[in-house]
Amino acid sequence: MPFIANYSLKNLNTFGIDVNAKWYVNISSEEDLTEAFGSPLIKENKLLVLGGGSNMLFTKDYDGIVLKISIKGIEVAQQGTDILVTAGAGEIWDHLVKYCVAKGYAGLENLTLIPGTVGASPIQNIGAYGVEIKDVFESCTAFEIATGQLRTFSKADCEFGYRESVFKGKLKGKYIITSVTYRLSNIPNVQTHYGAINSELDRRGIERPSISDISEVVAAIRVSKLPDPSTIGNAGSFFKNPVISQQAFDELLSRFPDTPHYPAPNGRVKLAAGWLIEQCGFKGLVDGHTGTWKNQALVLVNHGGATGQEVYRFSEKIIETVQEKFGVLLEREVNIF
Ligand code: FAD
Ligand code: NAP
Numbered sequence: 330m331p332f333i334a335n336y337s338l339k340n341l342n343t344f345g346i347d348v349n350a351k352w353y354v355n356i357s358s359e360e361d362l363t364e365a366f367g368s369p370l371i372k373e374n375k376l377l378v379l380g381g382g383s384n385m386l387f388t389k390d391y392d393g394i395v396l397k398i399s400i401k402g403i404e405v406a407q408q409g410t411d412i413l414v415t416a417g418a419g420e421i422w423d424h425l426v427k428y429c430v431a432k433g434y435a436g437l438e439n440l441t442l443i444p445g446t447v448g449a450s451p452i453q454n455i456g457a458y459g460v461e462i463k464d465v466f467e468s469c470t471a472f473e474i475a476t477g478q479l480r481t482f483s484k485a486d487c488e489f490g491y492r493e494s495v496f497k498g499k500l501k502g503k504y505i506i507t508s509v510t511y512r513l514s515n516i517p518n519v520q521t522h523y524g525a526i527n528s529e530l531d532r533r534g535i536e537r538p539s540i541s542d543i544s545e546v547v548a549a550i551r552v553s554k555l556p557d558p559s560t561i562g563n564a565g566s567f568f569k570n571p572v573i574s575q576q577a578f579d580e581l582l583s584r585f586p587d588t589p590h591y592p593a594p595n596g597r598v599k600l601a602a603g604w605l606i607e608q609c610g611f612k613g614l615v616d617g618h619t620g621t622w623k624n625q626a627l628v629l630v631n632h633g634g635a636t637g638q639e640v641y642r643f644s645e646k647i648i649e650t651v652q653e654k655f656g657v658l659l660e661r662e663v664n665i666f
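Numbering (my numbering), first residue to last: 330 to 666.
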């Protein structure tokens with residue numbers, strides 16, 4: 330488990346940004362973490378925890394230690410019809426989804442094909458097609474950076490919100506997640522109401538979908554709509570969908586009656602950031618080495634050779650234009666380093 334100096338992160342972030350870390354260390358177990366934290370380098374440098382690098386934009390070299398979390402392992406326990414699945418933080422998220430779908434453990438199928446690792450799944454409460462990780466989250470184990478102690482977080486401890494958790498808020502940078510336990514079920518409760526799932530099921534003539542049907546349909550929709558990071562660098566949705574007050578929404582609707590909108594908690598209204606960006610003429614726009622994806626304006630892409638600064642500046646242009654036209658402030662979902 331050596332610390333390696335001046336390590337390239339180009340293949341460790343899905344944007345494919347060519348930057349280096351001052352130090353890099355690969356962590357394969359909780360023991361590795363304890364050992365790494367015994368090194369004097371840890372006290373002298375700032376730290377960045379890296380999973381699959383699929384929600385990150387590097388705007389410069391990282392002047393500190395990158396800890397790449399590669400802790401593997403999947404364990405299963407049954408409680409009546411519930412299945413408790415515990416996975417190491419370094420397991421690839423979509424491998425876990427495929428494993429659970431194949432075994433008939435229901436709950437993760439709508440989250441098929443999301444890049445990244447298990448350990449990052451609670452960080453922004455990953456979500457897609459009407460399901461969020463909080464819906465199946467049981468607990469996680471995390472290493473406290475200040476003390477080296479392991480702590481268990483319950484669902485309530487995690488303070489999950491829309492693409493939010495305590496790990497992005499008041500505990501940011503304080504814990505390293507080592508494993509996550511999900512409460513799944515032998516009895517499927519399929520969620521088909523969201524986005525394009527129903528129309529794709531109709532097209533395939535499937536009336537009573539299994540979890541494996543849902544997983545396949547979600548995969549097909551995602552492949553048709555999103556760029557594959559192995560060929561076009563990107564980090565998925567660059568911005569969060571804005572959630573605004575009913576009053577602000579009423580004003581917006583009087584000027585833009587076609588604005589897509591969805592109810593959000595506490596009487597607020599969620600807007601589709603991709604639509605706002607598209608209305609400003611950005612969809613498929615190429616700007617130097619960067620741009621937005623032709624099928625989804627919410628996804629910023631690296632057309633090859635883009636720097637993180639270039640992508641960041643382009644994102645500023647989008648924020649300004651959307652703010653001018655709609656009076657809505659977009660917030661970045663991607664973590665900027
Ligand atoms: P990284 O990008 O490596 O890290 C993200 C953040 O989590 C960083 O702050 C990092 O420090 C922290 N972190 C990572 N691992 C740990 C750990 N073990 N302990 C503590 N902190 C940690 N997201 C969605 O929510 N829904 C989607 O549908 C979705 N679709 C996507 C589609 C594409 C094509 C792409 C490229 C991205 C998509 N994303 C989506 C974003 C991304 O896949 C998720 O946010 C994912 O959970 C990030 O995982 P990661 O392992 O790559 O995390
Ligand atoms: P879409 O189906 O074109 O829908 C556009 C937006 O409308 C989505 O962002 C979604 O919000 C919202 N929406 C659609 N149907 C809804 C409903 N019935 N109720 C409430 N909100 C609804 O979106 P898409 O871009 O193809 O993405 C499909 C799903 O995958 C979405 O859930 C999206 O979040 C997820 N996804 C996320 C990322 C990421 O990086 N975070 C990347 C790709 C896809 P929500 O985003 O709140 O769900």
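Virtual Cβ for every residue (Gly too), placed ideally from N, Cα, C.
Just so it is clear, the structure is predicted and the values come from calculations on it, not from any experiment.
Whose C-beta lies closer than 6 Å to the C-beta of residue 616 among residues of the same chain, with five residues either side of it excluded? The residues are 643.
Determine the contact status of residue 569 and residue 480, defining contact as a CB-CB distance below 8 Å. No, the Cβ-Cβ distance between residue 569 and residue 480 is not below 8 Å.
Mind pulling the alpha helix (DSSP H) runs of 4 or more residues that sit fully within the region 422-507? DSSP runs (the alpha helix (DSSP H)) wholly in the region 422-507: 422-432, 484-487.
Over what stretch of residues does the alpha helix (DSSP H) that includes residue 544 continue unbroken? From DSSP, the alpha helix (DSSP H) with residue 544 extends over 540-554.
With DSSP as the reference, please indicate the residues paired to residue 563 in a beta bridge. DSSP output for residue 563 lists 630 as bridge partner(s).
Taking the beta strand (DSSP E) that residue 341 falls in, what are its first and last residues? Going by DSSP, residue 341 is part of no beta strand (DSSP E) at all; its letter is neither H nor E.
Among 359, 365, 344, whose alpha-carbon lies nearest the alpha-carbon of residue 331? When only C-alpha atoms are compared, the closest one is 365.
For residue 360, does the three-state DSSP call read helix, strand or coil? Correct three-state label for residue 360: helix.
Does the distance between the C-beta of residue 610 and the nearest non-hydrogen atom of ligand 1 fall short of 7 Å? No, the Cβ of residue 610 stays beyond 7 Å of every heavy atom of ligand 1.
Tell me which residue opens and which closes the beta strand (DSSP E) that residue 397 is part of. For residue 397, the enclosing beta strand (DSSP E) stretches over residues 391-398.
State the Cα-Cα distance for the pair residue 532 and residue 539, rounded to the nearest angstrom. The alpha-carbon atoms of residue 532 and residue 539 are separated by roughly 16 Å.
Beta-carbon separation (whole angstroms), residue 552 vs residue 526, contact threshold 8 Å: With a beta-carbon spacing of about 14 Å, residue 552 and residue 526 fall beyond the 8 Å limit used to define contacts.
Note the first and the last residue of the continuous alpha helix (DSSP H) segment covering residue 575. Counting along the chain, the alpha helix (DSSP H) containing residue 575 begins and ends at 575-584.
Hey, residue 651 and residue 605: beta-carbon distance below 8 Å or not? Result yes, Cβ atoms of residue 651 and residue 605 sit closer than 8 Å.
Within the continuous alpha helix (DSSP H) that includes residue 520, where are the two ends? No alpha helix (DSSP H) contains residue 520, which DSSP labels as neither H nor E.
Helix, strand or coil at residue 659 according to DSSP, with G and I counted as helix: DSSP places residue 659 in coil when its eight states are reduced to three.
Relative to the C-alpha of residue 452, which candidate in 476, 378, 337 has its C-alpha closest? Among 476, 378, 337, the Cα nearest to that of residue 452 is on 378.
So, helix, strand or coil for residue 372, using DSSP? Residue 372 falls in the helix class under three-state DSSP.
Nearest-angstrom Cα distance between residue 619 and residue 629? Residue 619 and residue 629 have their C-alpha atoms some 7 Å from each other.
As assigned by DSSP and simplified to three states, the class of residue 334: Reduced to three states, the DSSP call for residue 334 is strand.
Use the C-beta contact count for residue 515: other C-beta atoms within 10 angstroms, 16 or more gives buried, fewer gives exposed. Exposed is the call here.
Is residue 418 near ligand 1 - that is, is its Cβ less than 7 Å away from at least one heavy atom of it? Yes - ligand 1 has a heavy atom lying nearer than 7 Å to the Cβ of residue 418.
Around the C-beta of residue 343, are 16 or more other C-beta atoms found within 10 angstroms, so that it is buried, or is it exposed? The residue in question, residue 343, is buried, as its Cβ has 16 or more Cβ neighbours within 10 Å.
If you draw a straight line from the alpha carbon of residue 610 to that of residue 355, how long is it in whole angstroms? Taking the CA atoms as reference points, residue 610 sits about 42 Å from residue 355.
Any heavy atom of ligand 2 within a distance shorter than 7 Å of the CB on residue 565? Correct: residue 565 has its Cβ closer than 7 Å to ligand 2.
Ligand 1 and residue 338: does the residue's C-beta get closer than 7 Å to at least one heavy atom of that ligand? Not under cutoff, so the answer is no.
Are the region 385-403 and the region 345-361 in contact at 8 Å, needing three or more beta carbon pairs? Yes: at least three Cβ pairs fall under 8 Å.
Pick helix, strand or coil for residue 536, following the three-state DSSP scheme. Here DSSP, grouped into helix, strand and coil, assigns residue 536 to coil.
Do residue 655 and residue 585 come within 8 Å of each other at the CB atom, strictly closer than that value? The criterion of a C-beta distance shorter than 8 Å is satisfied by residue 585 and residue 655.
First and last residue of the uninterrupted alpha helix (DSSP H) at residue 416: Residue 416 -> not in any alpha helix (DSSP H); beta strand (DSSP E) instead, spanning 411-417.
Looking at residue 520 and ligand 4, is the gap between the Cβ and the nearest heavy atom below 7 Å? Looking for ligand 4 in the displayed structure turns up nothing; the ligands present are ligand 1 and ligand 2.
Return the residue from the list 576, 572, 563, 597 that minimises the CA-CA distance to residue 623. Measuring from the Cα of residue 623, the nearest candidate turns out to be 563.
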